[in-house]
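Residues 1 to 161, numbered by full-length UniProt numbering, are exactly what the sequence shown covers, in order.
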Amino acid sequence: EYPGGPSIERAAERGSPRAVEFTRPWLGADSLDFSFSGLKTAVLYHVRGKGAEAKRRATRLSTQESADVAASFQECVVDVLVGKTMRAAEACGVDRILIGGGVAANLRLRARLREEAESLGLEVLLPPLEYCTDNAAMVAGLAYHYVEAGRTADLDLEARA
Numbered sequence: 001e002y003p004g005g006p007s008i009e010r011a012a013e014r015g016s017p018r019a020v021e022f023t024r025p026w027l028g029a030d031s032l033d034f035s036f037s038g039l040k041t042a043v044l045y046h047v048r049g050k051g052a053e054a055k056r057r058a059t060r061l062s063t064q065e066s067a068d069v070a071a072s073f074q075e076c077v078v079d080v081l082v083g084k085t086m087r088a089a090e091a092c093g094v095d096r097i098l099i100g101g102g103v104a105a106n107l108r109l110r111a112r113l114r115e116e117a118e119s120l121g122l123e124v125l126l127p128p129l130e131y132c133t134d135n136a137a138m139v140a141g142l143a144y145h146y147v148e149a150g151r152t153a154d155l156d157l158e159a160r161a
């Protein structure tokens with residue numbers, strides 16, 4: 001199911017975030033970078049291992065096992081996103097954090113951001129859920145309006161953030 005985030009969040013509601021201890025991909029004590037490719041591989045290996053066990057039992061992962069994996073995965077991702085966000089706020093000396101895009105729809109992330117920010121005296125700005133959509137959709141929507149207004153660029157345009 002695409003996008004996967006809402007499916008993971010729904011499954012995680014019924015699971016324990018401490019059921020599976022996935023290693024947090026911090027990528028260095030002071031780094032603000034993050035990558036979840038290793039985490040996704042760890043989840044795959046965990047599920048395959050459980051899958052082989054389940055195959056011997058002639059069943060699939062139970063609903064509870066799936067929920068526990070989803071909750072543990074979500075908690076790992078939220079831990080890293082919140083931790084890196086708070087580090088970035090401190091490094092940049094800001095007192096206000098704004099989160100947008102599809103990931104901002106995750107209720108666990110929203111709650112943890114609020115908790116951590118409050119403990120550090122930071123303000124968190126979160127758009128209403130109906131505005132937390134996939135970034136690709138937002139970019140495509142903006143591109144539509146640019147083209148309609150005659151604002152186009154050649155293919156050799158250098159992209160920058």
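Beta carbons: idealized from backbone N, C-alpha and C, even for Gly.
Of all alpha-carbon atoms in Arg10, Tyr131, Leu44, Gly5, the one lying nearest the alpha-carbon of Phe22 is that of Leu44. Pairing Val139 with Gly102, the inter-Cα distance amounts to about 12 Å.
In the DSSP annotation of this structure, the continuous segment of the alpha helix (DSSP H) that includes Arg108 starts and ends at 107-119.
Taking all protein chains shown into account, Gly121 has fewer than 16 neighbouring C-beta atoms within 10 Å of its C-beta and is therefore exposed. Nearest to Ala71 by alpha-carbon distance, out of Ala149, Asp154, Ala19, is Ala19. Considering only Tyr131, Ala111, Ala153, the residue with the shortest C-alpha distance to Val124 is Ala111. For Leu109, the number of other beta carbons within 10 angstroms of its own is at least 16, and it is reported as buried.
Pro127 and Ala104 do touch by the CB rule: their CB atoms are close to 6 Å apart, below 8 Å. For Thr152, the closest alpha carbon among the candidates Phe34, Ile99, Ala143 is that of Ala143. Note on Ala67: 16 or more other CB atoms within 10 angstroms of its CB, so buried under the neighbour-count rule. Asn106 sits buried, since 16 or more C-beta atoms from the chains shown fall within 10 Å of its C-beta.
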